[in-house]
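Colleague: FYI, in the working numbering the residues of the sequence shown are 38 to 491. Ideal placement from N, C-alpha and C gives every residue a C-beta, glycine not left out. I am attaching a structure below and will ask some questions about it afterwards.
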Amino acid sequence: MEITFYGGSHEVTGSLALVKTDKYKFLVDCGFFQGNENDYYRNKKDFDFNVKNIDFVLLTHSHLDHCGRLPLLVKNGFKNKIHCTPATKDIAYYILLDSVSIMENNWKRYNRPIIYTQDDALKAIGHIKTHNYYKTFSPVKDVFVTFKDAGHILGSSIIEITVQEKEKSHKLVFSGDIGNTLTPIIKSTDFINGCDTLIIESTYGNRLHKGVDRRKKDLLSAINAAIKKGGSVLIPAFSIERTEEILYDLNDLINNGSIKNIPVYLDSPLAKNILKVYKKYKNLFNDAALKKINSGDDIFDFPNFNIVDDANESLKVINDKSPKIVMAGSGMLVGGRIVNYLPIFLTQKNNMVVFISFQAKNTNGEKLVKGHKTIYIDGKKVRVKCDIAQISAYSSHADKRKLKSFVKNIKHPEPNNIFINHGDVMQSLGFKHDLAKISRAKLTIPKPGKNYLI
């Protein structure tokens, strides 16, 4: 059996792996590259393999860096099934259509050709077959697959794959993106009993999230600091999970009186749609969230909460100088309605921008977190006068402590091979160094395009 990584290796985003058995070829994830100025050209580039020979695809979850190239795969001739959980399919529907909308806007603004159309996205969704957690299925003869809960976003999966090959059985596990500790709303990460080969993410493989247990207090502190100065808080929000987590915490803070009489706006068409999916799959929520819901608390709604429906209403919120909390997409300030807020919000010294997530290299988000006092938005210089804060504990990715714990719990059997994937070089190298102390497996940071025997 062979495995080849075409994305994720030495990259923060862009997950795609090709597995070849003696009978089949299949993919795990098929994502967009993100966070680099050359990503557009990498995303539109032809695949390095014949897509017509791919027997099936397994999708860990619906973030764009894991599902974004599925329409291109179908456009290029893939005709078989894409397997994932029901929630992943529903979220991927909105994510892929939003991706098309962004490409259409880039075509109008920058004359950048569209990689795939809405029709291509809908065709890709039509190829999806769903499976519930813990229900083993066989996409082809002699291959058995089970989705377990990754605790990352709604519907996210750790994928267990058992391949019967030449009278031998080999178990592979793809971690997908593993969720952070103490994550509200969704359930905790499942652990794996054993495997022969493990492919594990390393987004924060060399970093500890500080203050996970106090992130709600840190959020309140940031909000109070801005409100005290008569300013507003702008939260660049990823539409999946982080938006729901912030709403969950704001619901608590407003209901217990910690925040009073401050309007809260959600200004993201995509986040509005994803919120509908979360409400549909309450069965995937953890006990604490369900307890609140069963007591009559709508965990995603509270006094003075407003969902911005259109661009005209968005403009009114932007021009309103009274104190408020605004959550707007995108999370890395790359497109979305938040771009319209920044030229005004950043130049007002009583405001605060609160980042709650990872910021990819060379994005305006990363520049602001690093303290840059000038950024460019649509080619225009904007001077940064407001305060900038970051609460990394809201990350939906596990830190190195949880990643190590995940590996340590794989015992029956312990993996012989571990591929450290989906992280930049420093995170992967740091994680490899730590794993060498606790694992006897062969540890590999794979090179893109290289075949590895397993």
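Check for me: the beta strand (DSSP E) holding D424 runs from which residue to which?
Modeller: Counting along the chain, the beta strand (DSSP E) containing D424 begins and ends at 424-427.
Colleague: Enumerate in chain order the residues of its own chain whose CB-to-CB distance from L379 is below 6 angstroms, with the five nearest sequence positions on each side excluded.
Modeller: Correct list, in chain order: I414.
Colleague: Got a sec, what are the start and stop residues for the alpha helix (DSSP H) P123 sits in?
Modeller: Note, P123: alpha helix (DSSP H), 123-147.
Colleague: Does DSSP put A259 in a helix, a strand or coil?
Modeller: It is helical.
Colleague: Can you tell me which of the three DSSP states H470 falls into?
Modeller: Note: H470 maps to helix in three-state DSSP.
Colleague: Please give me, in chain order, every unbroken run of the alpha helix (DSSP H) with length at least 4 that falls completely inside the region 427-466.
Modeller: Those alpha helix (DSSP H) runs which fall completely within the region 427-466 and span 4+ residues are 437-445.
Colleague: Who does G44 pair with in a DSSP beta bridge?
Modeller: Note: G44 sits in a beta bridge opposite L53.
Colleague: Figure out for me which residue from K266, G242, Y61, N169 has the closest Cα to the Cα of L191.
Modeller: It is N169.
Colleague: Kindly indicate which three-state DSSP category L303 falls into: helix, strand or coil?
Modeller: Three-state DSSP puts L303 in a strand.
Colleague: Can you give, in chain order, each stretch of the alpha helix (DSSP H) that sits fully within the region 346-387 and has at least 4 residues?
Modeller: Qualifying alpha helix (DSSP H) stretches, in chain order: 348-356, 375-382.
Colleague: Sort out for me which residues DSSP pairs M389 with in a bridge.
Modeller: Answer is V270, D424.
Colleague: Are the beta-carbon atoms of L271 and S295 separated by less than 8 angstroms?
Modeller: Going by C-beta atoms, L271 is not nearer than 8 angstroms to S295.
Colleague: Distance check for C423 and N230, CA to CA, integer angstroms please.
Modeller: Near 49 angstroms, if we compare the C-alpha coordinates of C423 and N230.
Colleague: So the candidates are N288, V376, T226; which of them puts its Cα closest to the Cα of K253?
Modeller: Ranking N288, V376, T226 by Cα distance to K253 puts N288 first.
Colleague: Which residues mark the beginning and the end of the alpha helix (DSSP H) in which E282 is found?
Modeller: E282 -> alpha helix (DSSP H) spans 279-292.
Colleague: Taking only the alpha-carbon atoms, compute the straight-line gap between D300 and F342 and give it to the nearest angstrom.
Modeller: Before going further, note that residue 300 is Pro rather than Asp in the sequence given. If you take the alpha carbons of P300 and F342, they lie about 6 angstroms apart.
Colleague: According to DSSP, simplified to helix, strand and coil, what is D186?
Modeller: D186 falls in the strand class under three-state DSSP.
Colleague: In the DSSP assignment, find the alpha helix (DSSP H) that holds F155 and state where it starts and stops.
Modeller: According to the sequence provided, residue 155 is Gln. The question's Phe does not apply to it. Unbroken alpha helix (DSSP H) run through Q155: 155-163.
Colleague: Going by the beta-carbon positions, is the gap between D92 and Q71 smaller than 8 angstroms?
Modeller: No, the Cβ-Cβ distance between D92 and Q71 is not below 8 angstroms.
Colleague: Please name the residue or residues paired with K253 in a DSSP beta bridge.
Modeller: Beta-bridge pairing links K253 to no other residue.
Colleague: Please report how far the alpha carbon of T481 lies from the alpha carbon of F468, in whole angstroms.
Modeller: If I take the Cα positions, the gap works out to 11 angstroms.
Colleague: Nearest-angstrom Cα distance between G51 and L352?
Modeller: For G51 and L352, the distance between alpha carbons rounds to 33 angstroms.
Colleague: Apart from the five residues on each side of it in sequence, which residues of its chain come closer than 6 angstroms, Cβ to Cβ, to P450?
Modeller: Contacts found: G231.
Colleague: Please report the straight-line C-alpha distance between Y431 and V249, rounded to a whole angstrom.
Modeller: Distance between the alpha carbons of Y431 and V249 is about 7 angstroms.
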